[in-house]
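First up is the structure itself, then whatever we jot down about it.
Residue numbers (my numbering): 34 to 136.
Below, the structure is given as structure tokens:
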């Protein structure tokens, strides 16, 4: 059996610690809030959880954008170049185009 990598997106409902511990490759969706775009990083490095929830509490609207094909290609290329397979588990195709981007 060939080696494989499990890939998911940032809607995976896991903490950064859990994803790292499991060795997952995580492709971020984008969060649009207060006129800015942030990659939805599991560790809160693009926008802190405190800032994000503070804005939500103050009434600022947040929306998201799906991860795009280019993001998945960038994440997948080095894995495939190592001769590994990829199992990609993504957000529901009924709710986002992230699934289509991963395919």
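Idealized CB from N, CA, C, for every residue including glycine. Note that the coordinates shown come from a computational prediction; the quantities given were computed from them, not determined experimentally.
Going along the chain, which residues of its own chain have a beta-carbon closer than 8 angstroms to the beta-carbon of residue i, five neighbours each way excluded?
i	result
residue 93	66 and 67
Among the options, whose alpha-carbon lies nearest the alpha-carbon of residue i?
i	options	result
residue 74	136, 91 and 50	50
residue 110	81, 135 and 62	135
residue 61	71, 38, 39 and 91	71
Can you check DSSP and say which residues form a bridge with residue i?
i	result
residue 119	38
Using a Cβ-Cβ cutoff of less than 6 angstroms, which residues in the same chain neighbour residue i once the five nearest sequence positions on both sides are dropped?
i	result
residue 39	57 and 120
residue 131	42, 99, 100, 123 and 124
residue 36	117
residue 52	59 and 75
Going by beta carbon distance, what residues of the same chain come within less than 7 angstroms of residue i, once the five residues before and after it are set aside?
i	result
residue 76	49
residue 98	62, 63 and 65
residue 89	95
residue 129	99
Uninterrupted alpha helix (DSSP H) stretches inside the stretch 41 to 103 (no shorter than 4 residues): 49 to 55 and 82 to 90
Inter-stretch contact at 8 angstroms, needing at least 3 Cβ pairs: the stretch 84 to 92 / the stretch 113 to 120: no
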